[in-house]
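Undergrad: Chains as they are written, first to last, in my numbering: chain A, 1 to 206; chain B, 1001 to 1206.
Before anything else, here's the structure in question.
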DNA sequence: TGAAAACCGTACCGGCGGTACAGGAGCGGA
DNA sequence: TCCGCTCCTGTACCGCCGGTACGGTTTTCA
């Protein structure tokens, strides 16, 4: 029904913000229901327990994440025919999008859930793993496409390069938060972009 | 006194492992004292509250971290005169050290504490920030030294390059955990190493 | 040997995750 | 119109956990 979905979404919205700000353990159900204006029974009507909240939160987060990547790199591929140029443009668009977040990136749920591994069940760990594999497939395909047109100056594995995108994003988020410098994340992404450009730059002749 | 220090260290050892495995919130004091073989009173004799435990944990972790970097890059600088070769060697040594960890990297306390930001007080956030700044200073100095001898193929800021080391390490840890592939972290470090080598590679002439 | 350090034991508090269960408002369809 | 389903509310309760309070005891070192 409509009403139920709306309440459930509201709980997820509130929970996501709280979890990214304070961590999962420090986010209490009492706090969520107070902000959502429902009772404890209402909460447990929607989620069997806190772990199921985590699962729903994670699934929704990953789905949204994928949508953003689809959009950005889709647009990049529309604007540039060449796979390398499209990828470099995508990185730039992503960097700009991250710059425009007023308070910096709110944090990655995948990261928060795997820094607290054993606090969650195996199902969640598996969802997390699949998310990372999806990133690898996505960017791996792009690098393979690039490599069909450009010869890299150094022999690097497409999957490892793909993982580098995730690494820089996750690491950049951590560093931005630690340093309290929101610019670090988009900047790091641009540094990586320079590396990629360098890697596929044709050898200058004459 | 001596005995007190030993008990305190034992608590920290147990806590560190538990926090890295389950997160700070999911680590209970009851659990720690059971494993340490002491009582609750004993715990609170050593630490005023859980936050002070976190602080001690973080400080000890960072200290140890710095010591490892000192050792590895110190050794690299002993083995290679050239600053670039020394840095590249240091990255390789670090990658090898990370490969040799049987169950992969246990996790970075700096990362876990900043993905759970507001669960801790400002003092801890400041310690975290200082740690990230120390990394920047350390690697920034190395890159500046390298740049005095090599002209980079692309104009990149030494501090941003320094941050890239932290980014790759932190991101690699997250990715390794998410994928459950311990090799990812050392591999990512080697990919970064290739990028650095590429960046400072002299332009080939005929 | 004596004082300080390093605990132990016990009792208690409030918050939180979670359970159980009864009941009720609203709403759509037969 | 009333049945039944969704979507909750209200109340009571449980055990774990962080934390406090405080008196007593052992251990250690000067």
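Beta carbons are placed, not taken as given, at the ideal position from N, Cα and C, and that holds for glycine.
(1) Residues in the same chain with beta-carbon distance under 8 Å from residue 1184(B), minus the five sequence neighbours each way, listed in chain order, please.
(2) Output the distance between the C-alpha atoms of residue 106(A) and residue 1011(B), rounded to the nearest integer angstrom.
(3) Of all the CB atoms in chain B, is at least one closer than 8 Å to the CB of residue 121(A)?
(4) Output the boundary residues of the alpha helix (DSSP H) element that contains residue 1112(B).
(5) Determine the burial state of residue 1086(B): buried for a count of at least 16 other Cβ atoms within 10 Å of its Cβ, exposed for fewer.
(6) Would you call the region 1095–1105 of chain B in contact with the region 83–102 of chain A, where contact means no fewer than 3 C-beta pairs closer than 8 Å?
(7) With a threshold of 6 Å on Cβ separation, who are the neighbours of residue 18(A) within its own chain once the five nearest residues in sequence on each side are excluded?
(8) CB of residue 169(A) to nearest heavy atom of the ligand FAD: below 7 Å?
(9) Going by CA-CA distance only, name the one from 144(A), 163(A) and 179(A) that's closest to residue 1190(B).
(10) Give me, in chain order, the residues of the same chain whose beta-carbon lies closer than 8 Å to that of residue 124(A); leave out the 5 immediate sequence neighbours on both sides.
(11) Check whether the region 134–141 of chain A touches the region 1037–1050 of chain B, counting contact only when three or more Cβ pairs, one atom from each stretch, lie closer than 8 Å.
(12) At the level of alpha carbons, what is the spacing between residue 1169(B) and residue 1101(B)?
(13) Using 8 Å as the limit for Cβ to Cβ distance, is residue 88(A) near chain B?
(14) I want to see whether chain B comes within less than 8 Å of residue 26(A), judged by CB atoms only; does it?
(15) By DSSP, does residue 1051(B) sit in helix, in strand, or in coil?
(16) Name, please, each residue of chain A whose Cβ falls closer than 7 Å to the Cβ of residue 1184(B).
(17) Output needed for residue 218(A): all residues of its chain with C-beta closer than 7 Å, excluding positions within five of it in sequence on either side, in chain order.
(18) Could you tell me the alpha carbon to alpha carbon distance between residue 76(A) and residue 92(A), rounded to whole angstroms?
(19) Identify whether residue 1071(B) lies in helix, strand or coil by the three-state DSSP scheme.
(20) Considering only the beta carbon of each residue, do residue 153(A) and residue 84(A) sit closer than 8 Å?
(21) Is the separation between the beta-carbon of residue 25(A) and that of residue 1090(B) shorter than 8 Å?
(22) When the cut-off is 8 Å and only beta carbons count, does residue 23(A) lie next to chain B?
(23) Drop a sphere of 10 angstroms on the beta-carbon of residue 1041(B), count the other beta-carbons inside from all chains shown, and report buried for 16 or more, exposed for fewer.
(24) Return the residues of the region 1072–1105 of chain B that lie within a Cβ-Cβ distance of less than 8 Å from chain A, sorted by chain order.
(25) So which of 161(A), 181(A), 38(A) and 182(A) has the shortest CA-CA distance to residue 197(A)?
(26) Note down, in chain order, all residues in the region 170–184 of chain A with a beta-carbon under 7 Å from any beta-carbon belonging to chain B.
TA: So, from the listed chains and residues:
(1) 1172, 1175 and 1176
(2) 33 Å
(3) no
(4) 1109–1114
(5) buried
(6) no
(7) 27
(8) The model on display carries no ligand, and the ligand FAD is accordingly not part of it.
(9) 163(A)
(10) 51, 54, 55, 58 and 113
(11) no
(12) 15 Å
(13) no
(14) yes
(15) helix
(16) 163
(17) Here chain A has residues from 1 to 206 only, and residue 218(A) is not among them.
(18) 9 Å
(19) helix
(20) no
(21) no
(22) yes
(23) exposed
(24) none
(25) 161(A)
(26) 170, 171, 172, 174, 175, 177, 178, 179, 180 and 184
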